[in-house]
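K.L.:
Quick one: this structure, given as structure tokens, is what I'll be asking you about.
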Amino acid sequence: AAAAKAPVKKNPKVANVSVQLEMKALWDEFNQLGTEMIVTKAGRRMFPTFQVKIFGMDPMADYMLLMDFVPVDDKRYRQVTNTWPVPRYAFHSSSWLVAGKADPATPGRVHYHPDSPAKGAQWMKQIVSFDKLKLTNNLLDDNGHIILNSMHRYQPRFHVVYVDPRKDSEKYAEENFKTFVFEETRFTAVTAYQNHRITQLKIASNPFAKGFRDCDPEDWPRNHRPGALPLMSAFARSRNPVSSPAHQNGTEKDAAESRREFEREAGGT
């Protein structure tokens, strides 16, 4: 048997970097239900948004931040829902079952944070948000979106890359990056939400869902009314709305687009 390859000793510029996942409690809540992320031909933003706080960078060094998505396994899934009536309500019990082997792999793509490259000092002074990242199921996408197969499970990965100023920096590529994986951010890609509890939690926690939270549950999208199930956990009820792309980017256009995307998601379209 071939000897195991010795781990690459990382450049000190990345070796000391650590990353904290923002909104971890919210990610945990979704993960317990089985997180689902909408994919569309045009591309759809993630919610929760992937946001991190970074520590340990060299303040004066340049870094690039990027994400990619890898399959959790080699399987394709389907959702099975059992419903039984209760006066005035309907209880739903849903579960994911393996439907077969995974579809052929989608083109591997990475998403660079639009502020890359930037000094370590800039990355560390604020929360880094990947609110521009979009997921698509269009294999011919030419917009640079992340291409995923619907009904497959994925694990997001976050990479910190030191921009090495040496002329022969390619030789040091393996030692100049560090990868971070947060298992609570894994999800199933879907074209419409399969678990109504996921829809309820997104309505409860998405800053663009205020219209749904303020209206009577009977006016909610069909098949996603709370019924006898709790609308949201105590955490979601007490949580302040997370910062929106409008706050982070200062653009009304992003806010309007995110609001339209949420309304399409909640409506199951």
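Just so you know, we're using the UniProt record's numbering here: the sequence shown kicks off at 1 and counts up by one. Where a beta carbon is used, it is the ideal one built from N, C-alpha and C, also for glycine.
Note down, in chain order, each residue of its chain lying with its Cβ closer than 6 Å to the Cβ of Tyr193, except the 5 sequence neighbours on either side.
P.N.:
Excluding positions up to five away in sequence, the list reads Glu36, Thr199.
K.L.:
Can you tell me whether Leu229 is helix, strand or coil according to DSSP?
P.N.:
Residue placement at Leu229 cannot be trusted, given a pLDDT of 36 that sits under 50; what the coordinates show is reported in the next sentence. Here Leu229 sits in coil by DSSP.
K.L.:
Flag this pair as touching only if the segment 99-107 and the segment 5-23 have three or more C-beta atom pairs under 8 Å; answer yes or no.
P.N.:
Counting Cβ pairs under 8 Å, fewer than three are found: no touch.
K.L.:
Taking the beta strand (DSSP E) that Pro71 belongs to, which residues open and close that run?
P.N.:
Note, Pro71: beta strand (DSSP E), 62-71.
K.L.:
Which residues in the same chain as Val181 place their Cβ atom closer than 6 Å to its Cβ, once the five residues preceding and following it in sequence are excluded?
P.N.:
Around Val181: Arg157.
K.L.:
Less than 8 Å separating the beta-carbons of His152 and Ala189?
P.N.:
Against a cut-off of 8 Å, the Cβ pair of Ala189 and His152 comes out as a contact.
K.L.:
Where does His159 fall in DSSP's three states?
P.N.:
Of the three classes helix, strand and coil, the one that applies to His159 here is strand, per DSSP.
K.L.:
What ranges does the beta strand (DSSP E) occupy inside the segment 97-147, keeping only unbroken runs of at least 3 residues that lie completely in it?
P.N.:
The qualifying runs are 110-112, 134-136.
K.L.:
How is Tyr77 classed by DSSP in three states: helix, strand or coil?
P.N.:
In the structure shown, Tyr77 sits in a strand (DSSP, three-state: E or B).
K.L.:
Which residues does DSSP pair with Ala189 in a beta bridge?
P.N.:
DSSP, once it has assigned bridges, lists Met37 as partnering Ala189.
K.L.:
Taking C-beta to C-beta, are Tyr172 and Lys13 nearer than 8 Å?
P.N.:
Taking 8 Å as the Cβ cut-off, Tyr172 and Lys13 do not qualify as a contacting pair.
K.L.:
When the Cα of Glu184 is compared with those of Ile54, Lys75, Pro48, Ser116, which residue comes out closest?
P.N.:
Considering only alpha carbons, the answer is Pro48.
K.L.:
Taking the alpha carbon of Asn176 as the reference point, which residue from Lys101, Ala61, Asp28 has its own alpha carbon closest?
P.N.:
Ranking Lys101, Ala61, Asp28 by Cα distance to Asn176 puts Ala61 first.
K.L.:
Less than 8 Å between the C-beta atoms of Tyr63 and Ala121, yes or no?
P.N.:
Not closer than 8 Å, so no.
K.L.:
In whole angstroms, what separates the C-alpha of Gln51 from that of Val80?
P.N.:
Each residue's Cα considered, the two are about 32 Å apart.
K.L.:
Ends of the beta strand (DSSP E) at Val19?
P.N.:
Val19 -> beta strand (DSSP E) spans 18-21.
K.L.:
Measure the alpha-carbon distance for Asn137 versus Asp115 and round it to whole angstroms.
P.N.:
Going from the Cα of Asn137 to the Cα of Asp115 covers about 26 Å.
K.L.:
For Thr49, name the three-state secondary structure that DSSP assigns.
P.N.:
Reduced to three states, the DSSP call for Thr49 is coil.
K.L.:
Determine the direct distance from the alpha carbon of Asp142 to that of Lys134, and round the result to whole angstroms.
P.N.:
C-alpha separation (whole angstroms): 12 Å.
K.L.:
Just to confirm before moving on: does the CB-CB distance between Leu139 and Ile146 stay below 8 Å?
P.N.:
Cβ distance not < 8 Å, so Leu139 and Ile146 don't count as in contact.
K.L.:
Cβ atoms of Arg45 and Asp131: under 8 Å apart, would you say?
P.N.:
Yes, these two residues count as a Cβ contact at 8 Å.
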